[in-house]
Amino acid sequence: MFEITDSKKILKSYTGHKIQQIGKIRLPVIFKDREIYETFEIVDMEQDNIISGDFAESLNLVKRIDTIDTIEEIAKPNELSHDFPELIKTSGTLPGEYRLTVAENAKGVVHAPRRIPAAIKEKAITELRNMEENGYITKVEEPTEWVSSMVVALRKDKVRICIDPKDLNEVIQRENYPLKTIEDVIPLIPDAKVFSVLDAKSGFLQIKLEEPSSYLTTFNTPIGRYRWLRLPFGIKSAPENIPAYYGSDARRHYRSYRYYR
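The UniProt record's numbering puts the sequence shown at residues 1 to 261.
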């Protein structure tokens, strides 16, 4: 007689969610000429039974093969950058231009320039000129309603130029683009075997700004005012629009399901 007993094991799914258990039971499993007893955890789910890899091996359902297949070494990043310099010199751009939508009757705020430590000032100026040369920012000579402060982040021996859009973010209206979770995607690809992981280089900087929106991102620097021609870091509507832009572009080329984290 087979009896269900209490189980002290804690079962969790691959997403980390706890699985409700009813108990455990020890049952015989027969496959061809083999009969093996195994303890099964009973859960409150309408799913197919699952056996472990070791148990499948003991039933001769699978075999462990102690061999190693070697493949040709792929090109190293340095080799790729040498062969295709035009592809990695700067960030590319996605189709279209992004519009920053601000609340009606929003009043502009002009910040005074912030002091930059002398130790990184020259690096910051050099980076500003590089960004201007690469088409990320451009000089502003005319008066603008909005002027944010420049933020300089030191990363190893390089600097990263951002803005502090605190006041601008208070009047920006978000599109609230729905982001897919891994739980949304998994049921759509039950038979998928090949997965790709893409890391967009400077993802925000691949999205061009409409000219009126560009003037909203004007910021102070030690060498004058600049405005962003691409979507800058720190804009509150930016993170959810990256998936929207990449998603619409990807659908033109292949059937894809995207998960962002």
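Ideal Cβ placement from N, Cα and C applies to all residues, glycine included.
Given the structure is predicted, the values throughout are model-derived calculations rather than measurements.
Give a yes or no on whether the C-beta atoms belonging to residue i and residue j are separated by under 9 Å.
| i | j | result |
| --- | --- | --- |
| Phe31 | Asn60 | yes |
| Pro117 | Met150 | no |
| Thr218 | Val147 | yes |
| residue 268 | Ile120 | Coverage of the chain is limited to positions 1 through 261, which leaves residue 268 absent and any answer about it impossible. |
| Phe204 | Arg225 | no |
| Pro212 | Pro165 | no |
| Thr144 | Arg227 | yes |
| Met45 | Ile68 | no |
| Leu11 | Val62 | no |
So what's residue i in DSSP terms, helix, strand or just coil?
| i | result |
| --- | --- |
| Asn78 | helix |
| Arg255 | In this prediction, Arg255 scores a pLDDT of 48, lower than 50, which makes its location untrustworthy; the coordinate-derived value is nonetheless stated afterwards. Of the three classes helix, strand and coil, the one that applies to Arg255 here is coil, per DSSP. |
| Met150 | strand |
| Gln20 | coil |
| Thr221 | strand |
| Glu175 | coil |
| Thr138 | strand |
| Glu38 | strand |
| Glu211 | helix |
| Phe55 | helix |
| Asp6 | coil |
| residue 341 | This structure gives no information on residue 341, because the portion of the chain shown stretches from 1 to 261. |
| Asp164 | strand |
| Pro239 | helix |
Regarding residue i and the ligand PLP, is the C-beta to nearest heavy atom distance less than 8 Å?
| i | result |
| --- | --- |
| His82 | Inclusion of the ligand PLP in the displayed structure is not the case, the ligand content being empty and no account of it being possible. |
Leaving out five residues on either side along the sequence, give the residues of the same chain with a beta carbon under 6 Å from the beta carbon of residue i.
| i | result |
| --- | --- |
| Ser237 | Ile172, Arg174 |
| Tyr215 | Thr144, Arg227 |
| Val29 | Ile36, Glu38 |
| Ser196 | none |
Determine, for residue i, whether the minimum Cβ-Cβ distance to residues of chain D falls below 9 Å.
| i | result |
| --- | --- |
| Thr218 | The structure shown contains no chain D; it is built from a single protein chain. |
CB-CB under 8 Å to residue i, same chain, minus the five flanking residues each way: which ones, in chain order?
| i | result |
| --- | --- |
| Tyr257 | Low local confidence applies: a pLDDT of 48 at Tyr257 is under 50, so the model's placement there is unreliable, with the coordinate-based value given in what follows. Result list for Tyr257: Lys180, Val185, Leu188, Ile189, in chain order. |
| Arg64 | Glu57 |
| Ala106 | Val171 |
By Cβ distance, which residues of its chain are closer than 7 Å to residue i, with the 5 residues on each side in sequence left out?
| i | result |
| --- | --- |
| Thr221 | Leu128, Met150 |
| Lys123 | Val159 |
| Phe55 | Glu38 |
| Met131 | Ile137, Ile161 |
| Asp167 | Val109 |
| Glu97 | Lys208, Leu209, Glu210 |
When burial is assigned at 16 or more other CB atoms within 10 Å of the CB, is residue i buried or exposed?
| i | result |
| --- | --- |
| Tyr14 | exposed |
| Met1 | exposed |
| Lys208 | buried |
| Ile4 | exposed |
| Gln206 | buried |
| Ile163 | buried |
Counting pairs of beta carbons, one from the segment 9-26 and one from the segment 34-49, are three or more of them closer than 8 Å?
yes
Using a Cβ distance threshold of 8 Å, determine whether the segment 97-106 contacts the segment 222-241, with at least three qualifying pairs required.
yes
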